[in-house]
Amino acid sequence: LTQEVAYGSLLLKRRKEIHEKIGNVIEDLYSERLEEYYEILAYHYERSDNKDKALRYLDLANRKASNASAMEDAKGYFYKAMEILDTMPDTTENQEQRISLIVNQWIVFEQLFKRPEYYDLLTRYESLVAEIKNIGMAGGFYGRMGRCEVAFGYFDKGIKSATKAVELSEATGNAEYAGSAFFVLQFSHLYKGDFDRVFALKEDILRMTTEQFNLFTYVRSFVAISLAFSFCGRWDEAVKEGKNALNTAQEYSDDSLISYAAYAISIAYTHKGEMDRAFEYGEMAIKKAPTPLYKATAQSVLAWAWCRAGEPYKGIETLDAYVQIFRAGHVIIGEIALSASLSEGYLMTGEYDKAEQTAKEALEVAERCGAKFFVGWALRLLGEIALETNHSKALPHFEKSITIFKETKAENELAKAYEGYGRLYKKQGDTAQAREYLMKALEIFERLGTLIEPGKVKKELADLPPDEG
-11 LTQEVAYGSL LLKRRKEIHE KIGNVIEDLY SERLEEYYEI LAYHYERSDN KDKALRYLDL
49 ANRKASNASA MEDAKGYFYK AMEILDTMPD TTENQEQRIS LIVNQWIVFE QLFKRPEYYD
109 LLTRYESLVA EIKNIGMAGG FYGRMGRCEV AFGYFDKGIK SATKAVELSE ATGNAEYAGS
169 AFFVLQFSHL YKGDFDRVFA LKEDILRMTT EQFNLFTYVR SFVAISLAFS FCGRWDEAVK
229 EGKNALNTAQ EYSDDSLISY AAYAISIAYT HKGEMDRAFE YGEMAIKKAP TPLYKATAQS
289 VLAWAWCRAG EPYKGIETLD AYVQIFRAGH VIIGEIALSA SLSEGYLMTG EYDKAEQTAK
349 EALEVAERCG AKFFVGWALR LLGEIALETN HSKALPHFEK SITIFKETKA ENELAKAYEG
409 YGRLYKKQGD TAQAREYLMK ALEIFERLGT LIEPGKVKKE LADLPPDEG
């Protein structure tokens, strides 16, 4: 038995030597195009005693897979690299390598709906960040924490982490991490309904991306601005910023960002009611989407477009499925938006119980997070549902939604709330008040250039009895 163990040990040692020699040969033979062999080199060095090279090539293979949107492969290389680090001395260099690896994984876990798993990693190693001397890397780390917190609906917590990330990154001149953190701030304020702050942060992000260009930060920043303009009802500006994002993504042939930019443009056209263009860009978003999250985002916006186009049965099933997926992945910002869209679909099909339940779920989560625009949207929907079921309950929903939309300058949604308010007064037999609010809605819709809705309002006005006298 002793001889067998000794023989096995010799064989293991010999195998490790062979794997290292193979790695050396590949490096020598293909030094001009090593990127093609990162995965093979990682495989061989991982099975050798050369841990430094194993770690190096696992890191490179991870980045290569991530850039190719092969996120499951990237995740596998990451965890193998972490296991290698566990066997190495706990030096400052290795600590920084561990933090660097973690910082670089945010897109991998995001696109696989694995943010909670990633956030667990961040919180587990946060104490290590205080020990490393690389302040810029610490900035990147807290920027990633902020990304997760915003996705979870912890907007104020995300703002705190992102602000810390900006301070650390700018202190060391790391424009890439600073720009990324400014982008986190931008999305935080987008969902809090502070659209003016979203627009103002554009200058900070452009300043950082001019200093050190980052395609992802640049494109997603324009998407955030496009969404803010859509929520405000400023259609031309929403489309313009979305197309700025799309043109840049196309210039770099980045399918993931092409998909994301097309999604934003589709949202703008859907809110506006220009449905042919909404479908055009929604289908582009689906066609280009390379990962689970981008596919979910693209398919959801197209499903919502079908609802807005008057064919809700084409969209409801998809929206319902993705509400569950986003909820399971703790992507709260996605869950809120899709729940509101789904409620709208149920309202259009006359499934009022489902519409009310879904709107209440959206409202509960949006209120807990402080997502003002979506609080207003859910309240407006509850008012619309009450108009169909028990109009005596509609008034407080419309009043609250009107207050929110005025505060956030979300004019198109404000007009929809006015429209609902006018219909409520019509049901109550108050023709003068009905006409007043319907006219307010019509004025806003026509000024914004909104389609579909003006025709509905004009029909409501035409159906009103003439004023007495």
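Residue numbers (this note's numbering): -11 to 457. Every residue, glycine too, gets a C-beta built ideally from N, C-alpha and C.
Would a C-beta distance cut-off of 7 Å place C295 and G322 closer than the cut-off? To locate residue 295, count along the sequence shown from 1; it is residue 307. To locate residue 322, count along the sequence shown from 1; it is residue 334. Remark: C-beta atoms of C295 and G322 do not approach each other more closely than 7 Å.
6 Å Cβ shell around T80 - same chain, five flanking residues per side excluded: One-based indexing of the sequence shown puts residue 80 at position 92. Counting only Cβ-Cβ distances below 6 Å, and skipping sequence neighbours, we find nothing.
Under the three-state reduction of DSSP, which class applies to T438: helix, strand or coil? Locating residue 438 in the sequence shown gives position 450, where the first residue counts as 1. If DSSP states are grouped into helix, strand and coil, T438 belongs with coil.
How big is the Cα-Cα spacing for A(-6) and N38? Locating residue -6 in the sequence shown gives position 6, counting from the first residue. Locating residue 38 in the sequence shown gives position 50, counting from the first residue. Confidence at A(-6) is low in this model, with a pLDDT of 48, below 50, so its placement is unreliable and the value that follows should be read with caution. Inter-residue distance for A(-6) and N38 is about 22 Å (C-alpha atoms, whole angstroms).
State the Cα-Cα distance for the pair L(-11) and N12, rounded to the nearest angstrom. Counting from 1 along the sequence shown, the entry for residue -11 is found at position 1. Counting from 1 along the sequence shown, the entry for residue 12 is found at position 24. Bear in mind that the predicted position of L(-11) carries a pLDDT of just 47, short of 50, making it too unreliable to give a figure here.
Return the residue from the list I95, V96 and I120 that minimises the CA-CA distance to D78. The count along the sequence shown starts at 1 and reaches residue 78 at position 90. With distances taken between Cα atoms, D78 lies closest to I120.
In chain order, which continuous runs of the alpha helix (DSSP H) of length 4 or greater are located wholly inside the region 106 to 150? Qualifying alpha helix (DSSP H) stretches, in chain order: 123 to 139.
For A309, tell me which candidate among G298, A297, A291 and E299 has the shortest Cα-Cα distance. Within the sequence shown, the letter at position 321 stands for residue 309. The option with the nearest alpha carbon to A309 is A291.
May I have the straight-line CA-CA distance separating W365 from L215, to the nearest angstrom? Taking the sequence shown and counting its residues from 1, the one referred to as residue 365 is at position 377. Taking the sequence shown and counting its residues from 1, the one referred to as residue 215 is at position 227. Spanning the alpha carbons of W365 and L215 requires a straight line of approximately 15 Å.
Cβ neighbours of I304 in the same chain (closer than 8 Å, five flanking residues each side left out): As a first step, residue 304 is located in the sequence shown; it is residue number 316 there, counting from the start. Counting only residues of its own chain and dropping the five nearest sequence neighbours on each side, I304 has a CB closer than 8 Å to the CB of A291, C295, L330, G333, Y334 and T337.
Can you say whether F201 is buried or exposed, counting buried as having 16 or more other CB atoms within 10 angstroms of its CB? Translated into the one-based positions of the sequence shown, residue 201 becomes position 213. That one is exposed.
Would you give the residue range spanned by the alpha helix (DSSP H) that F461 belongs to? Shown here, the chain extends from -11 to 457; a query on residue 461 therefore has no answer.
Determine the contact status of L89 and G127, defining contact as a CB-CB distance below 7 Å. Position 101 of the sequence shown, counted from the first residue, corresponds to residue 89. Position 139 of the sequence shown, counted from the first residue, corresponds to residue 127. It is not a contact, given that the beta carbons lie outside the stated cut-off.
Cα separation between I274 and K302? The residue you call residue 274 lines up with position 286 of the sequence shown. The residue you call residue 302 lines up with position 314 of the sequence shown. Distance between I274 and K302, taken at the CA atoms: about 16 Å.
In the region 375 to 452, which residue ranges form an unbroken alpha helix (DSSP H) of at least 4 residues, counting only runs that do not cross its ends? Within the region 375 to 452, the complete alpha helix (DSSP H) runs of at least 4 residues are 382 to 396, 399 to 415, 419 to 436 and 441 to 451.
Ranges of the beta strand (DSSP E) found wholly within the region 275 to 363, counting only runs of at least 3: None, since the region 275 to 363 contains no complete beta strand (DSSP E) of that length.
Neighbourhood of E229 by C-beta distance below 7 Å, restricted to the same chain and skipping five residues each side: Your numbering for residue 229 matches position 241 in the sequence shown. So the list reads F210, I213, S214 and F217, once near-sequence residues are dropped.
Beta-carbon proximity check, Q489 vs L109, cutoff 7 Å: Nothing in the structure corresponds to residue 489, since the chain is present only between -11 and 457.
Hey, would you say A56 sits closer than 7 Å to A30, going by beta carbons? Mapped onto the sequence shown, residue 56 falls at position 68. Mapped onto the sequence shown, residue 30 falls at position 42. Cβ distance not < 7 Å, so A56 and A30 don't count as in contact.
K414 to A250, Cα distance in whole Å? By 1-based counting over the sequence shown, the position of residue 414 is 426. By 1-based counting over the sequence shown, the position of residue 250 is 262. When rounded, the distance between both Cα atoms is 40 Å.
Sorted by chain position, which residues of the same chain lie with C-beta nearer than 6 Å to H385's C-beta, five sequence neighbours on each side aside? Here residue 385 is taken as the residue at index 397 of the sequence shown, counted from 1. L367, L370 and G371.
Going straight from the alpha carbon of D455 to that of L326, what length do you get? Residue numbering aside, residue 455 sits at position 467 when the sequence shown is read from its first letter. Residue numbering aside, residue 326 sits at position 338 when the sequence shown is read from its first letter. Near 41 Å, if we compare the C-alpha coordinates of L326 and D455.
Grab me the residues of K4's own chain with a C-beta within less than 8 Å of its C-beta, minus the 5 sequence neighbours each way, in chain order. Within the sequence shown, the letter at position 16 stands for residue 4. Annotation for K4: R35, S36 and D37 place their beta carbon closer than 8 Å to its own, counting only its chain and skipping 5 residues before and after.
I need the boundaries of the alpha helix (DSSP H) containing Y67, first residue and last residue. Looking up residue 67 in the sequence shown gives position 79. Counting along the chain, Y67 sits inside the alpha helix (DSSP H) bounded by residues M59 to D74.
Only counting the same chain, and skipping five residues up and downstream in sequence, which positions put a Cβ closer than 6 Å to that of I324? In the sequence shown, the residue the question calls residue 324 occupies position 336. Here I324 has A350, V353, A354, A359 and F362 as same chain residues with Cβ atoms under 6 Å from its own Cβ, once five neighbours each way along the sequence are excluded.
Which of the three DSSP states is assigned to P77 in this structure? Within the sequence shown, the letter at position 89 stands for residue 77. Correct three-state label for P77: coil.
Buried or exposed (CB count within 10 angstroms, at least 16 for buried), Y248: Position 260 of the sequence shown, counted from the first residue, corresponds to residue 248. So Y248 counts as buried.
Buried or exposed: where does R208 fall if 16 or more other Cβ atoms within 10 Å of its Cβ makes it buried? Indexing the sequence shown from 1 puts residue 208 at position 220. By the neighbour-count rule (16 or more Cβ atoms within 10 Å), R208 is buried.
In its own chain, which residues sit with a C-beta less than 7 Å from the C-beta of T346, not counting the 5 before and 5 after it? What you label residue 346 is simply residue 358 of the sequence shown in a count that begins at 1. For T346, where only same-chain residues beyond five positions count, the Cβ hits under 7 Å are S327, L330, S331 and Y334.
Is the beta carbon of I14 closer than 7 Å to that of Y26? Looking up residue 26 in the sequence shown gives position 38. Looking up residue 14 in the sequence shown gives position 26. Cβ atoms of Y26 and I14: not closer than 7 Å.
Local conformation of G46 per DSSP, three classes: By 1-based counting over the sequence shown, the position of residue 46 is 58. Checking the displayed sequence, the identity of residue 46 turns out to be Leu instead of Gly. Collapsing the DSSP output to three states places L46 in a helix.
Contact defined as beta carbons within less than 8 Å: I believe L402 pairs with I432. What is the distance between those atoms, to the nearest angstrom? Translated into positions along the sequence shown, residue 402 becomes position 414. Translated into positions along the sequence shown, residue 432 becomes position 444. The beta carbons of L402 and I432 sit about 7 Å from each other, so the pair counts as a contact at 8 Å.
Can you round the beta-carbon distance between S254 and A266 to whole angstroms, since I take them to be within the 8 Å contact cut? To locate residue 254, count along the sequence shown from 1; it is residue 266. To locate residue 266, count along the sequence shown from 1; it is residue 278. In this structure S254 is in contact with A266, their Cβ atoms being roughly 5 Å apart against a cut-off of 8 Å.
Below 8 Å CB to CB, which residues in the same chain sit around L307 once its five sequence neighbours on both sides are set aside? Residue 307 sits at position 319 when you count from the first residue of the sequence shown. Excluding the 5 residues flanking it on each side, L307 has same chain C-beta neighbours closer than 8 Å at S288, A291, W292, C295, L326, S329, L330 and G333, in chain order.
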